[in-house]
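What follows is a set of notes on a single structure, which appears directly below.
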Amino acid sequence: MKTTSEALFATWYSAVILRCLLVGLIGVIVQPVAAETKSGSLMTAPRNIVFIMLDDADYFDFGFTNQTLKSPDIVTPNIDRLRAGGRLMTQYYCASSICSPTRASILTGNNPIQHGATEAWVTSERVSQAEPGMTGLPRHIPQLGSAMKLQGLRTAHFGKWHVGFHRPEFRPDALGWDHYLVHFFPKSHSKDNWTGRFRFITEDEVYVRKVDNLDSYFAEQVRKFIAASVARNERFCVNFWPLTPHKPWAVPKDFDNSTTKFDLHSDRGKLMAMMNVLDRDIGLIVDQLTELGIIDETLIMVTSDNGGQSSVQHPEHLRGAKASLFEGGISVPLVAHWPAAIEAGSENDSLFLSYDLMPTLVDLLKGDPSVMYSSIDGRSKAAALTSNVVLSHEPVVWQLAGGPRRIENERSLRYFAYRDGDHKLVKVRRYDDLTQPNAYLLFDVANDRVESKKLNRTEPELLDVMKREMLSMRKSRSRFDDVPEVIETRSHTMQFDPRLDVNSKDMTLTMTISVPDKLSKTQNIFWRPGAQRLVLTPDGQLRWRLLGMSKRRKRNSSVLVAPSIKPGEHEVVLRIGGWKTDMVRAELVVDGKVVDQLDQPQAPSPMLTIRHSARETILGDQAIKLSAVRYYNNYFYDDELSP
35 MKTTSEALFA TWYSAVILRC LLVGLIGVIV QPVAAETKSG SLMTAPRNIV FIMLDDADYF
95 DFGFTNQTLK SPDIVTPNID RLRAGGRLMT QYYCASSICS PTRASILTGN NPIQHGATEA
155 WVTSERVSQA EPGMTGLPRH IPQLGSAMKL QGLRTAHFGK WHVGFHRPEF RPDALGWDHY
215 LVHFFPKSHS KDNWTGRFRF ITEDEVYVRK VDNLDSYFAE QVRKFIAASV ARNERFCVNF
275 WPLTPHKPWA VPKDFDNSTT KFDLHSDRGK LMAMMNVLDR DIGLIVDQLT ELGIIDETLI
335 MVTSDNGGQS SVQHPEHLRG AKASLFEGGI SVPLVAHWPA AIEAGSENDS LFLSYDLMPT
395 LVDLLKGDPS VMYSSIDGRS KAAALTSNVV LSHEPVVWQL AGGPRRIENE RSLRYFAYRD
455 GDHKLVKVRR YDDLTQPNAY LLFDVANDRV ESKKLNRTEP ELLDVMKREM LSMRKSRSRF
515 DDVPEVIETR SHTMQFDPRL DVNSKDMTLT MTISVPDKLS KTQNIFWRPG AQRLVLTPDG
575 QLRWRLLGMS KRRKRNSSVL VAPSIKPGEH EVVLRIGGWK TDMVRAELVV DGKVVDQLDQ
635 PQAPSPMLTI RHSARETILG DQAIKLSAVR YYNNYFYDDE LSP
């Protein structure tokens, strides 16, 4: 029996194929292109997939990259064995330099900007679980778990999730994963190590267990799942997403330092011990696949969700670190090991983003990823894994919230990067891009991986072009395309989509409102029931009511008002700026002027977040015309909204 997620995905997939049939393209869909293996024979699809993604592992936290440094210090022989027997993607990038956005990109095939995911996912520590909505991933768009199931694989997820868990429809089993195992810290846990009692949650049960090492326990469960799948002659796709080497940096309980001789008094030494123990656990999985006789037909991929934390990076690290958009924050290794089709010891220089993984896997499994291309940003890089071809890639944009708290110059907090071909543009944190020309740095990262040579003075025209292109792409990736540009004499309803939840995220809604000479009753402009509503009253007032939560988890509300506006066309903008640990700000803008705002950091109980709503969003009404409607899950200033 199909889950709701599978049914939604299958319905969407079938609808796309039907459209292709109508235009005579079914031949393309049902005839997969045969590829050749390293030996020249026809390649078969991998029978199984094991995708391993570490947490905060730096580019040089893997033995095979670390050994290229002047002073190597990491020991990961089993991961090195996979690298030696497989392929290194030298231009692999995470879609973000923090965990939640990258994970969202892998699971959905989309740039995380589409989810408003520019910060780590909101947890119940900030917002009551009783609130409707809550941030998560939408089921009506392609999902990795559902895509793998449609290709005939049994699916499982073990380890870190961190992309929403507060509603049942956001959990792994609702998104196509047959089995999952995730953890939470019980109140009794000190959170200073990965040993002790943890609360574990599966699709069927919740239990507390004491473990010597959290990731070793996850790895053990991965092996049990593989054994059970093989016993039932089932193909499988396993996500193993360990917590290593995320802090707290602590020496694993069973670590033997007799041969490695790490400095276990330093945080770097503790990280090295964690990597060594995880490497051992990965080796046990690889050994199991070998003993079961399925190693040649299993695709194993190893990577990280972002770069390492600055305090524990190797001294010879790339520029930047976790939460940075320089190479050290977003560039990590990706190793692919599949003896039947991937040449041992090989590498490929194709640009490869984390959101390319889902269509790539579908392609390798002989599905047709192109049917998803109208709904996702990712594109298949299967040929780059199994041949020597270097594939092109469309430009890439990254965005971070910039900081968890507000500062005096909020605009300077914003942090962007953009890569097109060999060149990369970085908007630097703590610099105002409107008033400080040196807020942008241009590099040729193909020839300057350490980003040490600025090209601002030598390539001023390219700098200006890339700045414009980066803004354009930020807008296109964060805009909801299912909102019509003109809404007249009727209302438009948008189904519930967690990407529309504001919370600590941002929002911009811009439109032209045609105010009639007379109104007999109040007209709805924008309504998210239980969260916010903008109306036009008969006397010409615009009233924007916001429902929110205070730091003390108490409900509060505020109404922003634009005094009576005259009949005619008026440009109206609703903007919300959110921070992970600070008060929300909202602005009502009419004809380019901020007429009212919610900005109350000194209030006794300021609004920390806008409330969620799991109900439909309604735009427009019978006696009103809206045009040039643009709805973004991003915060744009007036100069950025200008054509």
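In this note's numbering, the protein residues as written are 35 to 677.
Ideal placement from N, C-alpha and C gives every residue a C-beta, glycine not left out.
Item, Value
"So Gln322 is in the alpha helix (DSSP H); what residue range does that whole segment cover?", "301-325"
"Tell me which residues share the same chain as Phe530 and place their Cβ nearer than 7 Å to its Cβ, disregarding the 5 neighbours each side in the sequence.", "Ala648, Arg649, Glu650"
"Going by beta-carbon coordinates alone, are Met123 and Ser384 separated by less than 8 Å?", "yes"
"Go through the region 535-559 residue by residue and report every complete run of the beta strand (DSSP E) that reaches 3 residues or more, in order.", "541-549"
"Using a Cβ-Cβ cut-off of 6 Å (strictly less than) and excluding sequence neighbours within five positions of Tyr126, which residues of its own chain qualify?", "Leu368, Phe386"
"If you measure between the beta carbons of Arg533 and His299, is that distance less than 8 Å?", "no"
"Under the three-state reduction of DSSP, which class applies to Phe192: helix, strand or coil?", "strand"
"To which residues of the same chain is Met407 closer than 8 Å at the C-beta, ignoring the five residues directly before and after it?", "According to the sequence as given, residue 407 is Tyr; it is not Met. For Tyr407, where only same-chain residues beyond five positions count, the Cβ hits under 8 Å are Pro393, Arg413."
"Restricting to runs no shorter than 3 residues, where is the beta strand (DSSP E) found entirely within the region 227-262?", "230-235, 240-245"
"With Arg121 as the anchor, note down where its beta strand (DSSP E) starts and where it stops.", "121-127"
"If you draw a straight line from the C-alpha of Met182 to the C-alpha of Arg117, how long is it?", "24 Å"
"Here's a check: name, in chain order, each residue in its chain whose Cβ is nearer than 6 Å to the Cβ of Phe670, leaving out the five neighbours to either side.", "Thr542"
"On the CB-based measure, 16 or more other CB atoms within 10 Å of its CB, does Thr337 come out buried or exposed?", "buried"
"With a threshold of 16 other CB atoms inside 10 Å of the CB of Glu153, please say whether the residue is buried or exposed.", "buried"
"Measure the alpha-carbon distance for Asn310 versus Ile113 and round it to whole angstroms.", "10 Å"
"Would DSSP call Tyr449 helix, strand or coil?", "strand"
"What's the C-alpha gap between Leu468 and Lys461?", "11 Å"
"Could you spell out the range, first to last residue, of the alpha helix (DSSP H) harbouring Gly97?", "97-100"
"Beta-carbon separation of Val595 and Gln566 under 8 Å?", "no"
"Suppose the cutoff is 7 Å on Cβ atoms and the five residues either side in sequence are ignored; what does the same chain contact list for Trp195 look like?", "Pro206, Val216"
"Against chain C, with Cβ distances strictly below 8 Å, would Lys304 count as a contact?", "Judged by its chain identifiers, the structure shown contains no chain C, having just a single protein chain."
"Taking Lys552 as the reference, give the member of Asp540, Pro563, Ile559, Pro572 with the closest Cα.", "Pro572"
"How many Å lie between Val499 and Ile140 at the Cα?", "29 Å"
"Provide the residue(s) that pair with Cys271 in DSSP beta bridges, ordered along the chain.", "Ile83, Thr189"
"Is the separation between the beta-carbon of Val272 and that of Phe252 shorter than 8 Å?", "no"
"For the region 444-494, which segments carrying the beta strand (DSSP E) assignment without a break, of at least 3 residues, lie completely within its bounds, in sequence order?", "449-454, 457-461, 474-478"
"Measure the alpha-carbon distance for Arg445 versus Tyr465 and round it to whole angstroms.", "8 Å"
"Let me know if Phe96 comes out buried or exposed under the rule of 16 or more other beta-carbons within 10 Å of its beta-carbon.", "buried"
"Between Val264 and Leu326, which are expected to be in contact by the criterion C-beta below 8 Å, what is the C-beta distance as a whole number of angstroms?", "5 Å"
"Quick check: the Cα distance between Lys281 and Asp297, rounded to an integer number of angstroms?", "17 Å"
"Output the boundary residues of the alpha helix (DSSP H) element that contains Asn112.", "111-118"
"For the candidate residues Val197, Gly303, Lys555, Ile364, whose alpha-carbon lies nearest to that of Arg173?", "Val197"
"What does the Cβ neighbour count give for Asp625, buried or exposed, with the cut at 16 atoms within 10 Å?", "exposed"
"Tell me the rounded alpha-carbon separation between Lys225 and Glu603.", "56 Å"
"How about Glu519 and Lys659: do their beta carbons lie closer than 8 Å?", "no"
"The beta strand (DSSP E) with Leu580 in it runs from where to where?", "576-584"
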